[in-house]
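K.L.:
So, in C-alpha cells, the structure goes:
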C-alpha cells in the first residue's frame, strides 16, 4: 500500500519521499537529518544555513554548504563575530555562497549574539536544547498530513521569540522549526520511514547538554 510522503526503493527500504528529490538528499536524509547535535559550532552553522535558506530551496544551500564553510571559517562564531565591512565585501564577491547582503550581515550579527549567549550561559547547545518540546507537545503520529499542516510549532515559536529578544535575526518560527528538525530536537521522519526508529534510538540515548 502506498503511504503519502513515503517511497520504497529497489532494496525494499521505505523512506521519506523528499530524499529522492535530488542526488544530494539521500545521504543527508539518511545520515544527518534528525541526528541529535550538541556541538555549539555545528548548531550555529545550522541556524545560519537555515537562515540563508529562507525563500530558497534547501537543495541550493546543501550544494553550497562546503563553500559556506570555507567562506565563514568553519562557522567558528568567535571568528565570524570579528568580521568587518571588508569581510562583508569579500563574502559578497564569493560566487560559491548565496550573496545576499542582509543574510551575510545577519550571520555576523548572530555570531556576536552567540558569543554573548555562551559567555552568559556557558553553552549555546544547552541553551538551545532547553527549548526541546515535551512529549505532550508532539503529535501521536508524524505523517504527511501533520507535516503539511505544521510548518511551525509552539516550541519553535518560543525559541524564535527568545532568540529575537536576544537580538538574533533570520530566526522566525518556520526557520526555527526546520532547524529543530535538522538538529534532532524533534524526530520528523515520517512514520514508516526506515530512518525513524534509528533516530528515535539516537534521541533516546542522546545526552542532553
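Numbering (this note's numbering), first residue to last: 9 to 217.
Here a beta-carbon is modelled for each residue, glycine too, at the ideal position from N, C-alpha and C.
What you are looking at is a predicted structure, and each value in this text was computed from that prediction instead of being measured.
#1: According to the neighbour-count rule (16 or more other Cβ atoms, all chains shown, within 10 Å of its Cβ), is residue 197 buried or exposed?
#2: Residue range of the alpha helix (DSSP H) that residue 165 falls in?
#3: Could you have a look at residue 56 and say whether DSSP puts it in helix, strand or coil?
#4: Have a look at the DSSP bridge pairing and note the partners of residue 24.
#5: Is the closest heavy atom of the ligand GTP to the C-beta of residue 31 under 8 Å?
#6: So, do the region 68–82 and the region 130–143 have three or more beta carbon pairs nearer to each other than 8 Å?
#7: Alpha carbon to alpha carbon, how far is residue 33 from residue 189?
#8: With distance defined between alpha-carbon atoms, name the residue in 133, 91, 187 and 50 nearest to residue 159.
#9: Taking all protein chains shown into account, do 16 or more other C-beta atoms lie within 10 angstroms of the C-beta of residue 61, making it buried, or fewer, making it exposed?
P.N.:
Reading from the atomic positions:
#1: Numbered from 1 along the chain shown, position 189 holds the residue referred to as residue 197. Under this definition residue 197 is a buried residue.
#2: Taking the first residue of the chain shown as 1, we reach residue 165 at position 157. Looking at the DSSP string, the run of the alpha helix (DSSP H) that includes residue 165 is 162–173.
#3: Residue numbering aside, residue 56 sits at position 48 when the chain shown is read from its first letter. Three-state result, residue 56: helix.
#4: Looking up residue 24 in the chain shown gives position 16. 14, per the DSSP bridge assignment.
#5: This structure simply doesn't include the ligand GTP, nor any ligand for that matter.
#6: no
#7: Numbered from 1 along the chain shown, position 25 holds the residue referred to as residue 33. Numbered from 1 along the chain shown, position 181 holds the residue referred to as residue 189. Computed Cα separation, rounded: 15 Å.
#8: Position 151 of the chain shown holds residue 159. Answer by Cα proximity: 187.
#9: The residue labelled residue 61 in the question sits at position 53 within the chain shown. Under this definition residue 61 is a buried residue.
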